[in-house]
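Below: one structure, written as structure tokens.
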Amino acid sequence: MGHHKALVVGGRSPATDHLRSALAEGGIPVSVIAPHAADRDLVEAARDAGIVLVSARVSDAELRALGEQVTVSVGRAAPIVVYADDDHDALDRHVRAGADYVLPPFRPDILRRRLAGHNADSVEAVADAAHLAQYERELEIGREIQGGFLPDRLPTPDGWQIEVRFRPARQVSGDFYDAFELVGGRRIGFVVADVCDKGVGAALFMALIRSLLRNTAGHAGSLSVVGLDVDWEEAADPTKGPRPSATSAGIGPLLNAVTWTDRYMVENHLRQGYFATLFFGLLDPLSGTVVYVNCGHNPPLVRRRGGAVVRLEPTGPALGMLPGARFRLGWVQLDPGDLLFAYTDGVPEAKDEAGCFFTDQGMRDVLAEPGAADARSLLNLLDVALDAHAGRSERFDDITMMALHRAEEPLVARVVPR
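Each residue of the sequence shown is one higher than the one before, starting from 0 at the first, in numbering that gives the first Met the number 0.
Put into structure tokens, the structure is as follows:
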């Protein structure tokens, strides 16, 4: 019969006897137990109870304790209703405290309707809790699946340090990063991206975009650009010499991956309104040249060995946002001691308890600290600075940070002949 049984908690009295008789007459199974019964007796009596009717003679404290005891013992909450037991002052005290109640004469039809209403509320609450638990399980599964799309390890080319921090605001995230070898290990592709929106929808598109980028880059040929025009942006730092040739830079995987992923997104998912800002770089570890496409993303920062900072501005629109989009190529030279820092907007837009942003200047301040000598040290300092800035405020945006550092060349002692 489900949770349609009633439990009456009260001493022997005409009101208790009347209530029990009315419940039985209404076809409602009923158990009666004294207010101070042993725990094991209460557990047995409360099993399958859809409602608990308690004598008004029970004190407020005892009523609360009884409700907690039933919930803990039976594993669920049952509605508590106080019934008048020849002490109307006691009933008035419970009513003023917010308790539900019934008054004599106890009629079977009224009691049956009250029980049905409370049982419906209880069933609905249980269903809501079950749906919430299922949703949380699905989110956890989604988090585990999404984690499988992120690299287990990062490439470690000789003379380079590549470090990442990934801090989703929720169980699933629209941010993602990637780093992988291309062109037989002669190039390192690296990506930092942010899919618009948050939660499950953004995470699904994150998985799609990441898979398209990596698959296309890995199968685009070593150096060729398939049916695409090569359009170069002005050098991010003109002082670093002429731009590399398309062939020597090995731009095929980069430009093919970005262009064909963008076309797929526009042709198949434009109406859904999801797009991604991303920075996709292609590093030549031997020369230190980075060729990149910045699809509407926050400009990464290049910190020179001497402390100067260069911004790598967007070279095209967000991915999957505009039909017929064109993406220009940018390039920057990383010399020994230089560091490249890429990030998502969750870093400068992290808020403190007063709602103030961490800001681009906050990032630059950390970048300029003496302790931020290499990729790992920089990200460690940023972790500390972001946590100190946020304090106890709730974080609403994902945070992803990637740093590439080229080791300084060892000093060679000069031997002066005698």
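Virtual Cβ for every residue (Gly too), placed ideally from N, Cα, C. These numbers were taken from a predicted model, which means no experiment stands behind them.
Pair within 9 Å by beta-carbon distance, residue 324 and residue 383: Taking the sequence shown and counting its residues from 1, one reaches residue 324 at position 325. Taking the sequence shown and counting its residues from 1, one reaches residue 383 at position 384. Not a contact, by the Cβ cut-off of 9 Å.
Roughly how many angstroms lie between the CA atoms of residue 359 and residue 385, to the nearest whole one? For the purposes of this step, residue 359 is identified with residue 360 of the sequence shown, where counting begins at 1. For the purposes of this step, residue 385 is identified with residue 386 of the sequence shown, where counting begins at 1. Each residue's Cα considered, the two are about 12 Å apart.
Ordered along the chain, which non-local residues of its own chain (more than five positions away) have a Cβ less than 7 Å from that of residue 226? For the purposes of this step, residue 226 is identified with residue 227 of the sequence shown, where counting begins at 1. With a pLDDT of only 49 at residue 226, under 50, the local geometry of the prediction cannot be trusted, and the value read off the model is given with reservation. Closer than 7 Å at Cβ, skipping near neighbours: no residue.
By Cβ distance below 6 Å, which residues in the same chain neighbour residue 397 in space, the five residues on each side in sequence not counted? Walking along the sequence shown from the start, residue 397 turns up at place 398. Hits under 6 Å: 167, 168, 172, 174 and 345.
So what does DSSP say about residue 404, is it helix, strand or coil? Here residue 404 corresponds to residue number 405 of the sequence shown, with the count starting at 1. Strand.
Distance, residue 202 Cα to residue 89 Cα: Along the sequence shown, one-based indexing puts residue 89 at 90. Along the sequence shown, one-based indexing puts residue 202 at 203. Spanning the two alpha carbons is a distance of roughly 56 Å.
Can the beta-carbon of residue 80 be found closer than 9 Å to that of residue 99? Locating residue 80 in the sequence shown gives position 81, counting from the first residue. Locating residue 99 in the sequence shown gives position 100, counting from the first residue. For residue 80 and residue 99, yes; Cβs fall inside 9 Å.
Please return the same chain residues whose Cβ sits closer than 8 Å to the Cβ of residue 313, not counting the five positions on each side in sequence. Taking the first residue of the sequence shown as position 1, residue 313 is located at position 314. Result list for residue 313: 293, 294, 295, 296 and 298, in chain order.
Is the stretch 257-277 in contact with the stretch 328-339, if contact means three or more CB pairs nearer than 8 Å? By the Cβ criterion, the stretch 257-277 is not in contact with the stretch 328-339, since fewer than three pairs of Cβ atoms, one from each stretch, lie closer than 8 Å.
Distance, residue 4 Cα to residue 110 Cα: Here residue 110 refers to the residue found at position 111 of the sequence shown. Here residue 4 refers to the residue found at position 5 of the sequence shown. Approximately 12 Å, taken between the alpha carbons.
Bridge partners - residue 294, DSSP secondary structure assignment: Against the sequence shown, residue 294 aligns to sequence position 295. For residue 294, the beta-bridge partners assigned by DSSP are 277 and 315.
The stretch 181-199 contacting the stretch 335-345, beta-carbon criterion three pairs below 8 Å: yes
Taking DSSP's pairing of strands, which residues face residue 189 in a bridge? Taking the first residue of the sequence shown as 1, we reach residue 189 at position 190. Beta-bridge pairing links residue 189 to 178 and 280.
Where does residue 48 sit, in a helix, a strand or coil, going by DSSP? If you number the sequence shown from 1, residue 48 lands on position 49. Note: residue 48 maps to strand in three-state DSSP.
Selected residue, minimal CA-CA separation from residue 164, among 310, 149 and 389: Looking up residue 164 in the sequence shown gives position 165. Of the candidates 310, 149 and 389, the one whose C-alpha sits nearest the C-alpha of residue 164 is 149.
Look at the alpha carbon of residue 418 and the alpha carbon of residue 59, and state the distance between them as a whole number of angstroms. The requested residue 418 does not occur in the structure, where the chain is confined to residues 0 to 417.
Based on DSSP bridge pairs, tell me the residues matched to residue 100. On the sequence shown, position 101 is the one that residue 100 refers to. According to DSSP, residue 100 bridges with 81.
Please report the straight-line C-alpha distance between residue 19 and residue 35, rounded to a whole angstrom. Reading the sequence shown from its first residue, position 20 is the one you call residue 19. Reading the sequence shown from its first residue, position 36 is the one you call residue 35. One C-alpha to the other measures close to 19 Å.
Cutting at 7 Å between CB atoms, please list the residues of its own chain near residue 341, excluding the five before and the five after it. As a position in the sequence shown, residue 341 is number 342, starting the count at 1. Correct list, in chain order: 191, 278, 299 and 401.
With a 10 Å radius around its C-beta and 16 neighbouring C-beta atoms as the bar for buried, classify residue 395 as buried or exposed. Translated into the one-based positions of the sequence shown, residue 395 becomes position 396. Exposed: under 16 other Cβ atoms inside 10 Å.
Looking at residue 378 and residue 159, is the spacing between their C-beta atoms short of 9 Å? Taking the sequence shown and counting its residues from 1, one reaches residue 159 at position 160. Taking the sequence shown and counting its residues from 1, one reaches residue 378 at position 379. No, these two residues do not count as a Cβ contact at 9 Å.
Starting from residue 210, trace the alpha helix (DSSP H) both ways and give me its first and last residue. Position 211 of the sequence shown, counting from 1, holds the residue named residue 210. Note, residue 210: alpha helix (DSSP H), 198-217.
Quick one: Cα of residue 366 to Cα of residue 302, how far? For the purposes of this step, residue 366 is taken as residue 367 along the sequence shown, with counting starting at 1. For the purposes of this step, residue 302 is taken as residue 303 along the sequence shown, with counting starting at 1. Between residue 366 and residue 302, the alpha-carbon positions lie close to 8 Å from each other.
Determine, using beta carbons only, whether residue 257 and residue 306 come nearer to each other than 9 Å. Along the sequence shown, one-based indexing puts residue 257 at 258. Along the sequence shown, one-based indexing puts residue 306 at 307. Result no, Cβ atoms of residue 257 and residue 306 do not sit closer than 9 Å.
Check residue 94 in the structure and name its three-state DSSP category. Position 95 of the sequence shown, counted from the first residue, corresponds to residue 94. If DSSP states are grouped into helix, strand and coil, residue 94 belongs with the helices.
Quick one: grab the DSSP three-state call for residue 232. In the sequence shown, counting from the first residue as 1, residue 232 sits at position 233. Three-state DSSP puts residue 232 in coil, outside helix and strand.
Under a three-way DSSP split, which group does residue 258 fall into? Residue mapping note: residue 258 aligns to position 259 of the sequence shown, counting from 1. Residue 258: helix per DSSP, three-state reduction.
CA-CA distance, residue 93 and residue 352? Indexing the sequence shown from 1 puts residue 93 at position 94. Indexing the sequence shown from 1 puts residue 352 at position 353. Looking at the two C-alpha atoms, the distance is approximately 41 Å.
Report all residues from its chain with a CB closer than 8 Å to the CB of residue 83; omit the five preceding and five following residues, and keep chain order. As a position in the sequence shown, residue 83 is number 84, starting the count at 1. Correct list, in chain order: 14, 55, 90, 100, 101, 102 and 103.
Collapsed DSSP secondary structure at residue 10 in the structure displayed: Numbered from its first residue, the sequence shown carries residue 10 at position 11. Note: residue 10 maps to coil in three-state DSSP.
Round the Cβ separation of residue 319 and residue 274 to the nearest angstrom and send it over; I've been treating them as touching at under 8 Å. The residue you call residue 319 lines up with position 320 of the sequence shown. The residue you call residue 274 lines up with position 275 of the sequence shown. Yes, they are in contact, since the Cβ atoms of residue 319 and residue 274 sit about 4 Å apart, within 8 Å.
Would residue 52 and residue 107 qualify as a contact pair, given that the criterion is a beta-carbon distance under 9 Å? To locate residue 52, count along the sequence shown from 1; it is residue 53. To locate residue 107, count along the sequence shown from 1; it is residue 108. No.
In chain order, each beta strand (DSSP E) run of at least 3 residues that lies wholly inside the stretch 309-355: 329-332 and 338-342
Where does residue 376 sit, in a helix, a strand or coil, going by DSSP? The residue given as residue 376 occupies position 377 in the sequence shown. Note: residue 376 maps to helix in three-state DSSP.
Of the choices 78, 376, 250 and 364, whose alpha-carbon is the least far from that of residue 291? As a first step, residue 291 must be located in the sequence shown, where it is residue number 292. The shortest C-alpha separation from residue 291 is found at 250.
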